[in-house]
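Just remember that this note's numbering sits 5 ahead of the position in the sequence shown, which is counted from 1.
We treat Cβ as the ideally placed atom computed from N, Cα and C, and that holds for glycine.
The block underneath contains the structure these notes are about, expressed in structure tokens.
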Amino acid sequence: MRPIHQNAIRFPTPFRCCILGQVNSGKSLVCKNIILARQCQPPNKFQEIYVVHGCNSTEEYDDLEPTEIMPSIPSYEDFDPDTNKLLIIDDYDFTKIDKDSLKRLSELLRFGSTHCNMSIIVLYQSWFRLPKIVKDMCNVIILYKPHDHDELHTIGRRIGLNNINPKHI
């Protein structure tokens, strides 16, 4: 049994997490639980929480009192490197991402995260439509069981898990 101060979803910061699943699978709920696990135990609380969302008028994260809700991918240069912060990218349309936004996303994941003390959580519905840089840079992947077992095996092979048994998920 794990000691009470050790929470399995209290990842060391900065982390880069990708939560993948179908609509209404509970991705946002898991995201909020990850945040609550961090916020309920000082000293490494997130001082700022930023949300990039496909809908500017979303109220989904109001209970977290985000610092800012943004319509597009920000630059890592927009953030104070001395502040422990979280960037949530939820429901962002990666199928229509322009070159500049993809560059900013890449910079955030590659060195913005570590050099700016920024954890990043990406919530998305499809592994295959997710930009390659997100797949390559995330050190935590939470995957809800897809409808198709072939899809699950393909994802498993690409992340280094060759023998995924769908019965155990």
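Note the first and the last residue of the continuous beta strand (DSSP E) segment covering residue i.
| i | result |
| --- | --- |
| ASP95 | 90-95 |
| ILE146 | 145-148 |
| GLU73 | 73-75 |
Please say whether residue j and residue i have beta carbons closer to each other than 7 Å?
| i | j | result |
| --- | --- | --- |
| PRO19 | SER111 | no |
| ASN122 | PRO71 | no |
| ASN12 | ALA42 | yes |
| LEU114 | ILE138 | yes |
| ILE94 | VAL57 | yes |
Who are residue i's beta bridge partners in DSSP?
| i | result |
| --- | --- |
| ARG21 | ILE125 |
| ILE54 | LEU91 |
Which residue comes first and which comes last in the alpha helix (DSSP H) that contains residue i?
| i | result |
| --- | --- |
| VAL139 | 137-142 |
| CYS60 | Where CYS60 is concerned, there is no enclosing alpha helix (DSSP H), given that its DSSP letter is neither H nor E. |
| CYS36 | 32-44 |
| ARG134 | Careful: ARG134 lies outside any alpha helix (DSSP H) and carries neither H nor E. |
Could you tell me the distance, in whole angstroms, from the CA atom of residue i to the CA atom of residue j?
| i | j | result |
| --- | --- | --- |
| LYS104 | ASP98 | 13 Å |
| ILE54 | ASP67 | 11 Å |
| MET6 | THR100 | Any reading at MET6 is ruled out, since the residue's pLDDT is 48, under 50, leaving its predicted position unreliable. |
| LEU165 | PRO151 | Before going on, a small fix: residue 165 reads as Gly here, not Leu. One C-alpha to the other measures close to 18 Å. |
| THR159 | SER33 | 24 Å |
| GLY59 | GLU73 | 14 Å |
| ARG163 | MET142 | 13 Å |
| LYS108 | CYS45 | 34 Å |
| PRO136 | LEU69 | 27 Å |
| ARG134 | THR88 | 32 Å |
| LEU91 | VAL145 | 15 Å |
| ASP96 | CYS36 | 13 Å |
- Decide if the segment 123-132 is in contact with the segment 18-33; the criterion is three or more beta carbon pairs, one per stretch, under 8 Å apart. yes
- Message: Taking 8 Å as the cut-off, does the segment 48-58 touch the segment 140-159 (at least 3 CB pairs, one atom from each stretch)?
- Response: no
- Task: Could you tell me whether the segment 75-84 touches the segment 29-44, using the rule of 3 or more Cβ pairs below 8 Å?
- Result: no
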